[in-house]
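When you line the sequence shown up against this note's numbering, it's residues 960 to 1406, in that order.
Just below is one structure, and these are the notes that go with it.
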Amino acid sequence: MDLRERVASLMGRVRPELAELVAIRSVADPRQYPPEECARAAQWVMDAFAGVGFSDARLAEMADGSQAVVGSRPCPDPDAATVLLYAHYDVQPPLDEAAWRTPPFALTEVGGRWFGRGAADCKGNILVHLTALRALGDAVPVNLKLVVEGSEETTGALEGFVPGHADLLRADAILVCDSGNVAVGHPAVTVSLRGVVDVIVHVEALVSELHSGLFGGAAPDALAALIAMLATLRDARGNTTIPGLDNSQVWPGASYPAETFRMDAGVLDGVSLLGDGAVADMVWSRPAVTILGIDCPPVIGSAAAITPRASARLNLRVPPGTQTGDAAGALVAHLRAVAPWGVRVQAEIEAPGSPYLARTGGPAYQAIAAAMHEAYGRPMVMLGDGGSIPLCNVFADAYPDAELILMGVEEPLALIHAPNESVDPKEIAAMALTEALFLQRYAALRS
Ligand SMILES: [Zn+2]
């Protein structure tokens, strides 16, 4: 049997195992779900990887009390390269259970896809690792290491663990399986992530509320001032316009078709997309500012009074090539510069996360491109992701020579983090074949 046939023959095991894992409500928040659920998921993962040769699989305690499964599987060749396999077993809460068409914690097939919380993010990727290793059997030509963390969706405690335990997870290539393809059957790796920082801006103009009839017209209105300031953050086309932040970069990899994006984002008919660039430029290569919240009187309960002070929380995403701290500084300087009427402006900058850009010239990228092409029958493309994965920066800092590959079964139809999350089993099979082929080809390129 060749590898493709071996993976196909293993898929009968994938569904019941994924169903077991999805049935464990491993939301890493003891206020919402009992911590025993995460403990059961950790045990499940530990046992499963012990079954594919990680004889030292064990639990490592993180600072937040969560447990990561770690382990290793040495290869007889002492000169073999080392590959770290990453995934996480915790999941997002189901959110609005009434919005689910199937029970969130019971893996259910509808139209060829398997629905359930975590079916794709990230339990489907755990099954990818297991199936790849089962398909290879004893013929794994590299040293393997493993980390499957248990609080990725909440505290991200592994980020704090890695620097102090660098040798435990040190590797030449790291497969971060918590991402996805362009579409089912269209293979991709994610090579660029935007950085993120939140800024809270406070505006103050008056000692207290004033009667809008007696004083309105001459008294400075803090809420009007805040709205005027926020309105300068985009131009009429929707481009983010903060002096000092380049908003003209162009994404060099695969495009993100506008029609696909409209569908993925649920943009209403007649409403246009923002910006002068193509979608990929706007979401992967350019800064974006989003107003997350405004503190001001709510409609119900509001009085005929001028608002003396108001605040807004802003979220700024910045592409690789820009320091997140510098970008936050530029945003605050701009808000101060455009504040009208001499109103008082104060700003707080919350903890920034850096952008990430993969180095794609090494043997691991060569091997993954060849493996994806063979597994899918189509060339691999390189995607960006508008979001942020701080762990990628932590790995890149701890292992500057390692090649990081971000991939997985979470294509757009998977609706990760939303109700009705699902996975396409064809993606699990194709990604498992990709991973098995990658391990073979990478070992061959390195020897
Ligand atoms: Zn995830």
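Beta carbons are placed, not taken as given, at the ideal position from N, Cα and C, and that holds for glycine.
All values reported here derive from a predicted model rather than from experimental measurement.
Item: Give, in chain order, every unbroken run of the beta strand (DSSP E) that is at least 3 residues long and sits entirely within the stretch 1238-1294.; Value: 1247-1254, 1268-1277
Item: How big is the Cα-Cα spacing for Asp1223 and Gly1346?; Value: 15 Å
Item: Below 8 Å, can you find three or more Cβ-Cβ pairs linking the stretch 1057-1064 to the stretch 1083-1098?; Value: no
Item: Check the DSSP bridge columns for His1047 and list the partner residues they point to.; Value: Glu1108
Item: Less than 9 Å between the beta carbons of Thr1393 and Met1341, yes or no?; Value: no
Item: How about the stretch 1172-1183 and the stretch 1274-1289: do they share at least three Cβ pairs that are nearer than 8 Å?; Value: no
Item: Give the range of the beta strand (DSSP E) segment to which Ile1364 is assigned.; Value: 1362-1366
Item: Sort out for me which residues DSSP pairs Ile1308 with in a bridge.; Value: Val1158
Item: For the stretch 1074-1090 and the stretch 1377-1395, state whether three or more C-beta atom pairs, one from each stretch, are separated by less than 8 Å.; Value: yes
Item: Flag Glu1112 as yes when its Cβ comes closer than 8 Å to any non-hydrogen atom of ligand 1, and as no otherwise.; Value: yes
Item: Below 8 Å, is the gap between the Cβ of Asp1344 and the nearest heavy atom of ligand 1?; Value: no
Item: Could you give the first and the last residue of the continuous alpha helix (DSSP H) run that contains Ala982?; Value: 962-982
Item: For the stretch 1100-1109 against the stretch 1033-1052, do three or more pairs of beta-carbon atoms, one drawn from each stretch, fall closer than 8 Å, so that the two count as touching?; Value: yes
Item: Let me check one thing: in DSSP terms, what residues is Ala1019 bridge-paired to?; Value: Ala1027
Item: So which residues put a beta carbon under 5 Å from any heavy atom of ligand 1, going in chain order?; Value: Asp1080, Cys1081, Asp1137
Item: His1124 and Pro1202: beta carbons closer than 9 Å?; Value: no
Item: Mind checking whether Met1005 and Val1028 have CB atoms under 9 Å apart?; Value: yes
Item: Under three-state DSSP, which class holds His1170?; Value: strand
Item: Looking only at C-alpha atoms, which of Asp1344, Ser1207, Thr1041 sits nearest to Leu1404?; Value: Thr1041
Item: Thinking Glu1108 and His1047 are a contact (beta carbons under 8 Å), I'd like their distance in whole angstroms, please.; Value: 5 Å
Item: My parser needs the alpha helix (DSSP H) runs of 4 or more residues fully inside the stretch 1047-1100; what are they?; Value: 1082-1095
Item: Could you check what DSSP says for Leu1185 in three-state terms: helix, strand or coil?; Value: helix
Item: Count the other CB atoms, across all protein chains shown, that sit within 10 Å of the CB of Leu1251; report buried if there are 16 or more and exposed otherwise.; Value: exposed
Item: Here's a check: name, in chain order, each residue in its chain whose Cβ is nearer than 7 Å to the Cβ of Val1368, leaving out the five neighbours to either side.; Value: Ala1079, Gly1083, Asn1084, Val1087, Gly1139, Val1382, Glu1386, Ile1387, Met1390
Item: For my contact list, Glu1309 and Asp1157 are in at a C-beta cut-off of 8 Å; report their separation, rounded to the angstrom.; Value: 4 Å
Item: Once DSSP output is grouped into helix, strand and coil, what is the label at Ala998?; Value: helix
Item: Closest by CA to Ala1187, which one among Val1069, Arg1295, Phe1397?; Value: Arg1295
Item: Does DSSP put Met1222 in a helix, a strand or coil?; Value: helix
Item: Hey, out of Gln1208, Thr1090, Leu1372, whose CA is closest to Val1011's CA?; Value: Thr1090
Item: What residue range is occupied by the uninterrupted beta strand (DSSP E) comprising Gly1343?; Value: 1340-1344
Item: Under 9 Å between the Cβ atoms of Trp1210 and Gly1343?; Value: yes
Item: Would you say the beta carbon of Gly1175 is closer than 8 Å to some non-hydrogen atom of ligand 3?; Value: Within the structure as shown, ligand 3 is missing, the only ligands being ligand 1.
Item: With a threshold of 16 other CB atoms inside 10 Å of the CB of Asp1137, please say whether the residue is buried or exposed.; Value: buried
Item: State yes or no: is the C-beta of Ala1130 within less than 9 Å of the C-beta of Arg1268?; Value: no
Item: Only counting the same chain, and skipping five residues up and downstream in sequence, which positions put a Cβ closer than 8 Å to that of Glu1118?; Value: Pro1349, Leu1350, Val1353
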